[in-house]
């Protein structure tokens with residue numbers, strides 16, 4: 016059985032090796048074309064050969080999951096540049112704002128009288144991910160009408 020080129024509907028949950036769930040889509044299934052590039056490769060490869068109603072658990076190694084942890088995402092800010100009214104607690108998440116107004120989540124990892132150090136690496140970076148996927152339905156891709164041109 017090969018569902019390549021078909022529309023599939025799945026429910027799933029994603030969890031780390033320690034069992035902590037980072038996403039749960041079991042109550043809100045998703046639908047996607049079983050075509051390379053539409054979803055993470057693990058979803059395409061797994062659902063391609065599943066039977067409707069089947070549940071599989073797959074693991075994605077840290078090197079394939081998100082991205083490697085990088086020191087470039089660790090930011091040191093002079094304490095004098097942070098308003099005194101901002102409450103900082105080591106280990107907590109904060110939103111940092113760049114000069115353009117774009118915000119980025121970061122975890123405060125160090126705080127001294129002179130500096131604050133923030134880690135902007137995603138919590139899932141450098142961690143393996145597990146997915147429990149249930150295939151709910153397989154159908155043909157919707158018909159697409161092609162525009163006609165008169166030459």
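Residue numbers (this note's numbering): 16 to 166.
Glycine included, every Cβ here is placed at the ideal spot set by N, Cα and C.
Just so it is clear, the structure is predicted and the values come from calculations on it, not from any experiment.
Check for me: the alpha helix (DSSP H) holding residue 25 runs from which residue to which?
Taken as a continuous stretch (DSSP letters only), residue 25 belongs to no alpha helix (DSSP H), being part of the beta strand (DSSP E) at 21 to 30.
Among the residues of its own chain, which have a CB less than 6 Å from the CB of residue 119, if the five just before and after it don't count?
By the criterion of a C-beta distance shorter than 6 Å, residue 119 is surrounded in its chain by 111 and 135, once the five residues flanking it on both sides are discounted.
Just reading off the alpha helix (DSSP H) that residue 60 is part of, what are its end residues?
56 to 63
Quick one: what's got a C-beta closer than 8 Å to residue 20's C-beta in the same chain, skipping five residues either side?
48, 49, 50 and 156
So the candidates are 87, 64, 29 and 73; which of them puts its Cα closest to the Cα of residue 41?
29
On the three-pair Cβ rule with 8 Å, is the segment 90 to 109 touching the segment 55 to 68?
no
Specify the secondary structure class of residue 74 as computed by DSSP and reduced to three states.
strand
Within the continuous beta strand (DSSP E) that includes residue 110, where are the two ends?
108 to 112
Between 151, 92 and 148, which lies nearest to residue 122 when the distance is taken from Cα to Cα?
92
In terms of DSSP beta bridges, what is residue 39 paired with?
28
What separation, rounded to the nearest whole angstrom, lies between the Cα atoms of residue 75 and residue 95?
42 Å
Counting along the chain, where does the beta strand (DSSP E) carrying residue 145 start and finish?
144 to 155
Cα separation between residue 147 and residue 38?
11 Å
What is the DSSP secondary structure of residue 14, counted as helix, strand or coil?
The structure shown does not extend to residue 14, since the chain spans only 16 to 166, so no value can be given for it.
Taking 9 Å as the threshold (C-beta atoms), are residue 69 and residue 150 in contact?
Taking 9 Å as the Cβ cut-off, residue 150 and residue 69 qualify as a contacting pair.
Are there 16 or more other CB atoms within 10 angstroms of the CB of residue 144, so buried, or fewer, so exposed?
buried
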